[in-house]
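>
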Amino acid sequence: MVCHLIGFDLAAPLDLEMIQPGEDEVGAAGRLVRRVCENYPRFFDAFVADALYFQAPFINLCLELGKHVVTVLKGDKRNLLLDAQGLFQHQRPKLYQDGKKTIAYWDEEGFESAAGIRVPLRVLHTQESENKRHRIAGRWEVQAEEHSWWWQTTIPSAVLPAPQLCTVGHRRWDIENDLFNTLATHWALNHCFKHHPVAIQNFVLTLFIAFVLIQSFYLRNLKPEIRKRLTLIAIAREFYADLVSPLWSAPWLTRTRGSP
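Note that the working numbering has the sequence shown beginning at 55, numbered continuously upward.
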């Protein structure tokens, strides 16, 4: 269970929490959000999560800690979704353009049909259309892609307008694309070096620190011309090559070999 800061060019994991035996994700998330809010009280204003976290205890906890919540809204039998669908089918959507994507949206506040949640909720529904090129039978063809999204949030529209809320909702995938996928593919996140809970947790936390430091060096120190020629992964491999080079040895390795 990982908390990751979204909306920045630098992928920044903040903390992790191990899921205990017999516990679900949301239970572990409760401990994680408490600790993150204590350690990083001013880093962010809201938690963004998938549909699993649309639960009264989790949302009420975030509100108690002074943070808003945005989650995906799905599930045919959810009263909040049914109420929003019934209302939106009688409304004309608003439109805006996001690059090549045309987005129709419905946005309403004041829903009170989510049992146990202590504040009224806001629901945003979008229908997104974009023409994309695909290679089919050796030829490029343009096809229209349609996507439908539903989110619920405690953030008022006066604080975060619908287009920005839509962007925030989609940025939830940053944790998958920029963090987990990169670390699993290039940084051995998916390899268990020692099968002990403390060792696993310490390895992941150390990996997070190294990942943030490498990104900071790459994005904040290197000149743009160098970044055009070298990717972040290439820079990381250069550091690794220096570490394992026979021309260089760490002090602890030298002492181990018996050198003065």
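From the three backbone atoms N, C-alpha and C, an ideal C-beta is built for every residue, glycine too. Since the model is a prediction, treat every value here as computed from it, not as a measurement.
1) One question on the structure: do Ala-290 and Ile-263 come within less than 8 angstroms of each other, judged by their Cβ atoms?
2) Cβ of Thr-221 within 8 angstroms of Cβ of Trp-203?
3) Measuring CA to CA, which of Leu-86, Ala-65 and Ala-242 is closest to Tyr-272?
4) Could you check where the alpha helix (DSSP H) with Gly-76 kicks off and where it finishes?
5) Could you check if Tyr-294 is buried or exposed, using at least 16 other CB atoms within 10 Å of its CB as the buried criterion?
6) Starting from Val-56 and walking both ways along the alpha helix (DSSP H), at which residues does that stretch end?
7) May I have a chain-ordered list of the alpha helix (DSSP H) segments no shorter than 4 residues that lie completely inside the stretch 87–139?
8) Under the assumption that Cys-57 contacts Leu-86 (Cβ atoms under 8 angstroms), give the Cβ distance between them as a whole number of angstroms.
9) Starting from the C-beta of Gln-318, find all residues in its chain whose C-beta is less than 8 angstroms away, skip the five residues before and the five after it, and write them out in chain order.
10) Just the C-alpha distance for Ala-253 and Thr-239, rounded to the nearest angstrom, thanks.
11) Please report the straight-line C-alpha distance between Gln-74 and Glu-92, rounded to a whole angstrom.
12) Let me know the secondary structure DSSP gives Val-196 once reduced to three states.
13) According to DSSP, is Ala-191 helix, strand or coil?
14) Just reading off the beta strand (DSSP E) that Gly-170 is part of, what are its end residues?
15) How long is the line joining the alpha carbons of Met-55 and His-224, rounded to whole angstroms?
16) Confirm, please, whether the CB-CB distance from Asn-114 to Ser-167 is below 8 angstroms.
17) Inspect the beta-carbon positions of Ala-83 and Phe-112 and report whether they are closer than 8 angstroms.
18) Counting Cβ pairs, one atom from each stretch, are 3 or more of them under 8 angstroms apart for the stretch 95–102 and the stretch 122–130?
19) Since Arg-88 and Leu-119 are thought to touch, with beta carbons under 8 angstroms apart, how far apart are those beta carbons, to the nearest angstrom?
20) Spell out the partners DSSP gives Asp-69 in its beta bridges.
21) If you follow the alpha helix (DSSP H) that Gly-223 is part of, which residue opens it and which one closes it?
Put simply:
1) If you check the CB distance, Ala-290 and Ile-263 do not come in under 8 angstroms.
2) Going by C-beta atoms, Thr-221 is not nearer than 8 angstroms to Trp-203.
3) Out of Leu-86, Ala-65 and Ala-242, Ala-65 has the C-alpha closest to the C-alpha of Tyr-272.
4) Careful: Gly-76 lies outside any alpha helix (DSSP H) and carries neither H nor E.
5) Flag for Tyr-294 reads exposed.
6) Looking at the DSSP string, Val-56 is not in any alpha helix (DSSP H); the run it does join, the beta strand (DSSP E), is 56–59.
7) Taken in chain order, the whole alpha helix (DSSP H) runs of length 4 or more contained in the stretch 87–139 are 110–118.
8) Going by Cβ atoms, the distance from Cys-57 to Leu-86 rounds to 6 angstroms, so yes, they are a contact pair.
9) Because the chain in this structure spans residues 55 to 314, residue 318 falls outside the shown range and cannot be described.
10) C-alpha separation (whole angstroms): 21 angstroms.
11) Distance between the alpha carbons of Gln-74 and Glu-92 is about 21 angstroms.
12) Per DSSP, reduced to three states, the secondary structure at Val-196 is strand.
13) Residue state, collapsed to three classes: coil.
14) Premise fails: Gly-170 is in no beta strand (DSSP E) and is neither H nor E.
15) Near 19 angstroms, if we compare the C-alpha coordinates of His-224 and Met-55.
16) Their beta carbons are not under 8 angstroms apart, which means Ser-167 does not touch Asn-114 by this criterion.
17) In contact: Ala-83 and Phe-112 (Cβ atoms closer than 8 angstroms).
18) These segments touch.
19) About 7 angstroms; that satisfies the 8 angstroms criterion.
20) In DSSP, Asp-69 forms a bridge with Cys-57.
21) Boundaries of the alpha helix (DSSP H) around Gly-223: 216–225.
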